[in-house]
Structure formats: C-alpha cells, structure tokens
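2 protein chains.
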Amino acid sequence: MNSFTFHNPTKILFGAGMADQLGQQVAELGSQTVLLVYGGGSIKRTGLYDRVIKQLHQIGARIVELPGVEPNPRVSTVRRGIKLCRDEAVDLVLAVGGGSVIDAAKAVAVGVPYEGDVWDFLLRKAKIEAALPIATVLTLSATGSEMNGGAVITDWEQNLKKSFSSPYAFPKFSILDPTLTYTVPANQTVNGIVDMMSHVMEQYFSQTTDTPLQERLCESILQTVIENGEKALQEPAHPEARANLMLCGTYALNGGMISVGMQGDWATHAMEHEVSAIYDIAHAEGLSIIFPNWMKYVYRDRIDRFVQFAVRVWGIEPEGKSDEEIALAGIQATREYFTRIGAPSRLSDLNIGEESLPRMAEEAVRFGPIGYFRKLGADDVLAILRMSL
Amino acid sequence: MNSFTFHNPTKILFGAGMADQLGQQVAELGSQTVLLVYGGGSIKRTGLYDRVIKQLHQIGARIVELPGVEPNPRVSTVRRGIKLCRDEAVDLVLAVGGGSVIDAAKAVAVGVPYEGDVWDFLLRKAKIEAALPIATVLTLSATGSEMNGGAVITDWEQNLKKSFSSPYAFPKFSILDPTLTYTVPANQTVNGIVDMMSHVMEQYFSQTTDTPLQERLCESILQTVIENGEKALQEPAHPEARANLMLCGTYALNGGMISVGMQGDWATHAMEHEVSAIYDIAHAEGLSIIFPNWMKYVYRDRIDRFVQFAVRVWGIEPEGKSDEEIALAGIQATREYFTRIGAPSRLSDLNIGEESLPRMAEEAVRFGPIGYFRKLGADDVLAILRMSL
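Protein chains in written order, with the UniProt record's numbering: chain Y, 1 to 389; chain A, 1 to 389.
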C-alpha cells in the first residue's frame, strides 16, 4: 500500500424523498443567490424542477438559471455560467442532474473566482485555488461526481475533452434520492452501470501490492452493480435495485475511498475521452467498447489480479483451468455482461471507423504516456483502438 | 436500505513517516496553543513525544500538556483537561495515542465551550453544540475514534461508562502512521483486533434488509483483519500487516461509512461497558468474551445473516449442513479465532463472578432495552452475561 491523503468533506443525504430536504440544506449554507444548473429539460417533465424552485423560493433564495448543459458538457456552456455568476453575484452553484450537469457546475464554480479563462484548469496551465460552493441533486447513478472533486469538460471547437480534480470542487452536500432515477431511460441506466463498473476497474487493476482491503472493497461494488444492474433494467422503479446502484455509483468514485494507497490506471478513460471528443457518443459507450480490449492487451502484466477478478467478481470456477484461461474467462464475462445489458462492443457499431484513430492516439498521449498498470504510448493506444473497431 | 445522512470531514494522512507531517498540518489549522493529550508515557519511550514537541516548537506553537489518560479514560481527567484549555486559551486539542487518548481529547474539546459539566453530554442531559478543533496522531489500531465523532468516558466514582457521538467531535485531521504501531505490545494488538472486528459485527448483524453492498464492505474488513491480525502478532513490525490493520480499524468505524442505511445492533458494546465500568478490564477483553455469546443468544432471529457470515467471512463449507449448523460453525469460528490470538473467552478468566452481574444487567438497560438486532431487557442481558461466566 502506498502512502495517501484522503479527505472527502461532502455531506450525503440519501433516500426516498430526500429531494425535499434541498431547501433546508441550502438555507443552512446561508446561500442567497443560486445558479441552478440543469440539462435538457427532463427535470421539467418529471416535476423535479418545480420541486426545486418551490423550495428555493420558500427560503427566499434568488434563482439564476443555466439550462441546457450537454451530455458531454461544453466549455462554452461553462463560460456562460461563469458570466452569469459574476453578473448576478451568485453564491451557490446548484447542479440538478447527472454527472455532466454536476461537472459543468463544478467548472463554473472554480471558474468564477479565477481571473483567466476556465479552460486553463483543463490544460493544467493554472491551479485551482478557490471556488464558489457547489451542491447537487443527483438524478442519474453513474459518475460519482456528486461526491468527488473531479470534472470532465469538452471544447468542441478544438475537439478536446479534458478533466480536472480539485479539493475545492467537492460539493458541500449532495442529495441522493433513488426515486429520482426511476424514470431514467434504459440506455442511460446501461451507461451508468458501465460507467460505475469502469471507475472501479480503473482503480482495481493496479500494480500496487499489499492492498487486500481495497481490492475487496472494489470487488464488493462490482458484484453489487452486476446483481442490481439487470434488476433495474427489468424493473426501472425497483426501489432496492435503484438504491443499491446509486450507492455503488457514489462509492465507486468518491475521492478514492475504495482504493486509498493504490495507483489506479485510468488509461481506458483517457482513450475514451479522445473518442467522445471527436464523436459525440456517450462516455460509457466508449468505455464499454474499449475496456475489455484494454484488459486483453495488458492482462499478462499482472495475471494474478485478473485471475482474482475472474474468480471473485464473476464466479469463474478455477478448477482445472490455467491462470491464462481463468483471466480470459473473466475478461469474456465482462464483455458478455456489457453486451447482455445492451452496451455496445465495437466502435463500428457507432459508425466510427479507422480514419480518426491515429489522431485519437496522438491526442491521448499529449501529456505523455497514459496509464499506470502499463504505460501506453501512441502505438499501444492505436493498437487497442484497432482491437475495438 | 434505510435513508441516511453521511458526513465525514476528517482528513486522513496515512503511511510510514506521516507523523512528520504533524507540524505542517497544525500550522495549516492556524493553531497557536495546543493541548497535547497522551497516555501512560509509551510515546516518551518510543521517541514519538520528542518528534511531536519538536514539530510544534518549529511552527511556534505553545504547548500545554494533559498526560496520563487512562485506558478507560476518566471524566476526572477530562475535567482537568477542560480547565487547562480554559486557563491557557488552548485552540487545538491534539491527541497522541490510541482510542482512549483520542476519546478523552474529544470530551475535553466538547466540554470547553459548554457552561455546564461535561458529564451532562454522557448522560444525554445536554446536546453538544460546539467544540475546540481536534486532531490526532494514532498509535494503536483499534477503535476508529480517529475518524469519527464518538467517545466513551468512565466515571469511576459512580462506576458508569457512557458514550457520546457528535458531528462536532470529528477530528480535523488524523495522522495514521503504521510504523508507530510496530511497538504495540501483543496484548494490545490482540485487543485492537477484537475491537475492530466487534465494531464491524455490531453493524453487520442488522435487521435492515436489502443492503448487499454494505454487507460486503463489512465482510471485506472482517476478512482482512482476520488475515492480517495473526501476521502482525507473529511479526510485530510487519509493514503490510500493520498498515492493513490500521486501515481496517479506521474504516470499521468511520461514521458508519460501511453500514450507511443499516441499523446496527450495539448491544454487546452496551453490555461490555457495564463490565468494564465496574472491573477495570480492557474494553476488548469484555467484547471477546461476550460477543460470541450474544451471537448464540440471538442468531435464530435472522439465521440467513449468520449463515452468510459463516460462509463468506470464515469460509465454512455449506455443503451438507443445515442453516443451523452453518450459523453455529461461524459463531464457533469467531470464538476460536479470538482464542487463537489470545483473547479471553470467560469472565471468570478475569476473576469476574456472578455477584456483579445483576447490577450490570440493570445498569445496561438504564435508558431502556438495548440492541436493535434483538431488543434486550435486563433478563436477556443477565442471561448473556451468565453464558459468559
């Protein structure tokens, strides 16, 4: 186990009906002018928008709106939010939505007190040293952004998708009300499942040794997602399945709680970001396609971890099989699960062809080789993307 | 799963050598006068005391000392600390030690801004509404007090041992340096192992349904403690075993992270507190004796959980056995493990006889029946204590 610092100050309010605690929580922060950040309008169809507005009015808060945050949130939208905050003296950025909405809210919050352009943070040209307070009402179990300091933002003009992570970007509180996810469409539920599993796997496939607790915590989340994912797809308003998925998504990526002292890999995320920076596909679609191929490309570097993954997470019977066979069976089980729940397995399924791959590979390694399980150069990335065609 | 609120703002600095980060962390809090709380002097023998003093001097902090905190920390000591803080305008309470030292520090910190006597909080006559900042350097893996808001304090004059828990009592930061535990005597290492396992089991044996992730998180800690406990006893300076135990102890009881939305039991703790309120035995000695007897007394109320415990935690082979047999085998495995590492199994081993049991049973239910897995009245407590003789 490596040395580490862990600090996660986000307060979580979890459970059916918790969305009605919003007003009180905002009042406790003493906020007076709220930037309400949301997406394409599903919160209006479900009535959540009205519930939020009503509570904010009840506590006498003034509301400024930033609607229309995109699934891959754009820096242009973030800049619009920053200007609104400055013009209207906003003192709380409230995200009501899924990971994209929350990420956009975080970028707005860190951008407001910074004199330069917010994109500097994404290019690592500047360090985040302050932020407006952030709060969230989560409507989609997926990214874990509700309990961490990270965000992913896209610049469509340059086809760049980049991330930042900062202690200043942890939400003050996040409301996790599983009933809000009952109406999430099947394809977004699928994407959420792939996303949270990928987050755990990025941490789990590590070269750090002597981390027995962390490995088990990762396996616990994976097993629970696998069991509950299909239940939620079969019965979208299944209270336990939705609650379990929501908790798993949050714990999967809440500041590294499950993998403290382990060096995660994250190469698959880096590769996927290049795909969805050029093609406007869902992040999780790219992950579903690339992750099993990354596994096949690297598993021999630490076959014991892949064997353990196969046996403990997928219940592969080890008896009579070689390590190689067990590891490959675990990778195959991952691919089959993704396929079974309806996630894509080939870039060509999404009409992505060979022609963009070299550019993606070059851009993926812009800051140097990616990944820690195995460091990947442009050639490696290209090979994995070609396996994914 | 029940609804819940989770908020754990304690910052953790974990790893070999982290004790040397103390000065910088205190400086970041802006503290000027530090109450240094410690126990019987082992930190002087190991050199940790000098390391702490040197760092506090380097940042120009003034130091006031509260030495001699007892293994079952006494309210008289806490009162002495409160007076020191008031007289010397202390602005940080720094615990350097194990759970008892940290608990005493917390009680001092919450007592300072309160006009009445600190014991009021233990009797639930008053609510904690403020505290001095608290920080810790942990020297013993056991109680989890380094990352939660709870404390247990004893009044020897009245033979009362009581607890409080408050959001104000979370440490601002805790330094977890596993190398500091290499010199912990074997019996205290044993006590730590029993303590952390008991904390997890109090949460795990719950009547709350549909908590698959939480159950697995609990099992993960138990399995890891079981594996690493014996390693640390065989080789006290085993770096990985000590690091794994330290992480397990902290995660076992850090504000309920592993059991969010589950109602824990805690009857065994309540019963044990009555034993060690009268006899000055280590808390974990009492837990080791009572816990398996509590299990035997209640397991039929939810045999599936005890079956799962036996199979997943202890690797009991279920094939060809009844649920009853599997559950009992898990309870037996727990008893045998405690015995194997050298923890006591009978009150009579500690020279505790029948005569005090009725009084303990009455005092245990002073605020009403105890436990949530099964509510226990005085008769139940007496029966379990008699099983423990």
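We treat Cβ as the ideally placed atom computed from N, Cα and C, and that holds for glycine. Given the structure is predicted, the values throughout are model-derived calculations rather than measurements.
Cβ shell of residue i (< 7 angstroms), same chain only, five flanking positions each side left out
{"i": "Y:Thr181", "result": "Thr139, Leu140, Ser141, Arg242 and Met246"}
{"i": "A:Cys248", "result": "Met196, Ile221, Thr224 and Val225"}
{"i": "Y:Thr211", "result": "Met1, Gly261 and Met262"}
{"i": "A:His238", "result": "Lys231 and Ala232"}
{"i": "Y:Ile82", "result": "Val108, Gly111, Val112 and Val118"}
{"i": "A:Thr339", "result": "Ser345"}
{"i": "A:Ala327", "result": "Tyr299, Ile303, Phe306, Val307 and Ala310"}
{"i": "Y:Leu376", "result": "Ala267, Pro369 and Ile370"}
{"i": "A:Pro9", "result": "Phe170"}
Nearest to residue i (by Cα), restricted to the options the options
{"i": "A:Asp91", "options": "A:Met257, A:Ile63, A:Arg79 and A:Glu157", "result": "A:Ile63"}
{"i": "A:Leu123", "options": "A:Asp103, A:Ala135, A:Leu160 and A:Tyr299", "result": "A:Leu160"}
{"i": "Y:Asp103", "options": "Y:Phe309, Y:Pro73, Y:Ile331 and Y:Gly116", "result": "Y:Pro73"}
{"i": "Y:Ala186", "options": "Y:Gly144, Y:Lys231, Y:Val93 and Y:Gly97", "result": "Y:Lys231"}
{"i": "Y:Val52", "options": "Y:Ile175, Y:Met360 and Y:Thr250", "result": "Y:Ile175"}
{"i": "Y:Ala95", "options": "Y:Glu88, Y:Arg86 and Y:Ala105", "result": "Y:Ala105"}
{"i": "Y:Gln32", "options": "Y:Val110, Y:Glu88, Y:Pro236 and Y:Gly40", "result": "Y:Glu88"}
{"i": "A:Val69", "options": "A:Ala361, A:Phe164, A:Asn228 and A:Gly40", "result": "A:Gly40"}
{"i": "Y:Arg216", "options": "A:Leu66, A:Asn244 and A:Met360", "result": "A:Asn244"}
{"i": "A:Lys125", "options": "A:Leu132, A:Tyr114 and A:Arg300", "result": "A:Tyr114"}
{"i": "Y:Leu347", "options": "Y:Asp177, Y:Leu389, Y:Tyr297 and Y:Ser322", "result": "Y:Leu389"}
{"i": "A:Gly202", "options": "A:Gly17, A:Arg305, A:Arg386 and A:Asp379", "result": "Before going further, note that residue 202 of chain A is Glu rather than Gly in the sequence given. It is A:Arg305."}
{"i": "A:Gly144", "options": "A:Pro358, A:Ser165 and A:Phe367", "result": "A:Ser165"}
{"i": "A:Val298", "options": "A:Ile331, A:Phe4 and A:Glu227", "result": "A:Ile331"}
{"i": "Y:Asp349", "options": "Y:Ile281, Y:Arg45, Y:Asp20 and Y:Phe170", "result": "Y:Ile281"}
{"i": "Y:Ala19", "options": "Y:Thr136, Y:Ile384, Y:Leu36 and Y:Thr10", "result": "Y:Thr136"}
Residue i, enclosing beta strand (DSSP E) - first and last residue
{"i": "A:Lys162", "result": "Leu160 to Ser165"}
{"i": "A:Thr189", "result": "No beta strand (DSSP E) holds A:Thr189; the alpha helix (DSSP H) holding it covers Ala186 to Tyr204."}
{"i": "Y:Ile175", "result": "Phe173 to Leu176"}
{"i": "Y:Ile258", "result": "Taken as a continuous stretch (DSSP letters only), Y:Ile258 belongs to no beta strand (DSSP E), as it is neither H nor E."}
{"i": "Y:Val275", "result": "No beta strand (DSSP E) holds Y:Val275; the alpha helix (DSSP H) holding it covers Ala267 to Ile278."}
{"i": "Y:Val26", "result": "Careful: Y:Val26 lies outside any beta strand (DSSP E), inside the alpha helix (DSSP H) at Leu22 to Leu29."}
{"i": "Y:Arg62", "result": "Arg62 to Leu66"}
{"i": "A:Ser224", "result": "Note on identity: in this sequence residue 224 of chain A is Thr, with Ser being the wrong assignment. Element bounds for A:Thr224: not the beta strand (DSSP E) but the alpha helix (DSSP H), Pro212 to Gln234."}
{"i": "A:Leu180", "result": "From DSSP, A:Leu180 is part of no beta strand (DSSP E); its letter is neither H nor E."}
Same chain, Cβ closer than 6 angstroms to residue i, five either side skipped, listed in chain order
{"i": "Y:Thr268", "result": "Ile290, Phe291 and Trp294"}
{"i": "residue 392 of chain A", "result": "Not covered by the structure: residue 392 of chain A. The range shown for chain A is 1 to 389."}
{"i": "A:Leu287", "result": "Val194, Ser198 and Glu272"}
{"i": "A:Ser356", "result": "Ile278"}
{"i": "Y:Lys162", "result": "Leu122"}
{"i": "Y:Ala343", "result": "Val190, Val194 and Ser288"}
{"i": "Y:Glu274", "result": "Met360, Glu363 and Ala364"}
{"i": "A:Asp265", "result": "Glu202, Phe205, Gly371, Tyr372 and Phe373"}
{"i": "A:Ala270", "result": "Ala364 and Ile370"}
Rounded distance between the beta-carbons of residue j and residue i, thought under 8 angstroms
{"i": "A:Val260", "j": "Y:Phe205", "result": "The Cβ separation is near 27 angstroms, so there is no contact."}
{"i": "Y:Lys172", "j": "Y:Ile134", "result": "7 angstroms"}
{"i": "Y:Ile43", "j": "Y:Gly97", "result": "7 angstroms"}
{"i": "A:Gly17", "j": "A:Asp177", "result": "7 angstroms"}
Host alpha helix (DSSP H) of residue i (start-end)
{"i": "Y:Lys11", "result": "Segment Lys11 to Phe14 is the beta strand (DSSP E) holding Y:Lys11; no alpha helix (DSSP H) there."}
{"i": "A:Gly249", "result": "Pro239 to Ala252"}
{"i": "Y:Arg300", "result": "Segment: none, Y:Arg300 is in no alpha helix (DSSP H) and carries neither H nor E."}
{"i": "A:Phe121", "result": "Trp119 to Leu122"}
{"i": "A:Glu146", "result": "Neither: A:Glu146 is in no alpha helix (DSSP H) and is coded neither H nor E."}
{"i": "Y:Ile326", "result": "Asp323 to Arg340"}
{"i": "Y:Ile102", "result": "Gly99 to Gly111"}
{"i": "A:Leu138", "result": "Careful: A:Leu138 lies outside any alpha helix (DSSP H), inside the beta strand (DSSP E) at Ile134 to Leu138."}
{"i": "A:Thr209", "result": "First-last for A:Thr209: undefined, no H or E at that position."}
{"i": "Y:Thr33", "result": "Here Y:Thr33 belongs to no alpha helix (DSSP H); instead the beta strand (DSSP E) covers Thr33 to Val37."}
{"i": "Y:Thr77", "result": "Val75 to Glu88"}
Cut-off 8 angstroms between Cβ atoms - residues of its own chain near residue i, not counting five sequence neighbours on either side
{"i": "A:Ile59", "result": "Gly23, Gln24, Val26 and Ala27"}
{"i": "A:His7", "result": "Pro167 and Gly255"}
{"i": "A:Arg80", "result": "Leu66"}
{"i": "Y:Thr77", "result": "Leu66, Gly68, Val69, Glu70 and Ala104"}
{"i": "Y:Ala329", "result": "Ala310, Trp314, Ile316 and Lys321"}
{"i": "Y:Asp379", "result": "Ala361"}
**Asked** Of the residues that make up the stretch 233 to 246 of chain Y, which ones have a beta carbon closer than 7 angstroms to any beta carbon in chain A?
**Response** Only Glu240, Ala243 and Asn244 from the stretch 233 to 246 of chain Y bring a Cβ to less than 7 angstroms from some Cβ of chain A.
**Asked** Taking a cut of 7 angstroms between CB atoms, which residues from the stretch 194 to 221 of chain Y lie near chain A?
**Response** Asp210, Pro212, Leu213, Arg216, Leu217, Ser220 and Ile221
**Item:** Near-chain A residues of the stretch 6 to 19 of chain Y - C-beta to any C-beta below 9 angstroms
**Value:** Phe6, His7, Asn8, Pro9, Thr10, Lys11, Ile12, Leu13, Phe14, Gly15, Ala16, Gly17 and Met18
**Prompt:** Using a beta-carbon distance cut-off of less than 8 angstroms, what residues from the stretch 251 to 265 of chain A approach chain Y?
**Reply:** Tyr251, Met257, Val260 and Gly261
**Message:** Using a Cβ-Cβ cutoff of 7 angstroms, what residues of the stretch 143 to 174 of chain Y are near chain A? List them in chain order.
**Reply:** none
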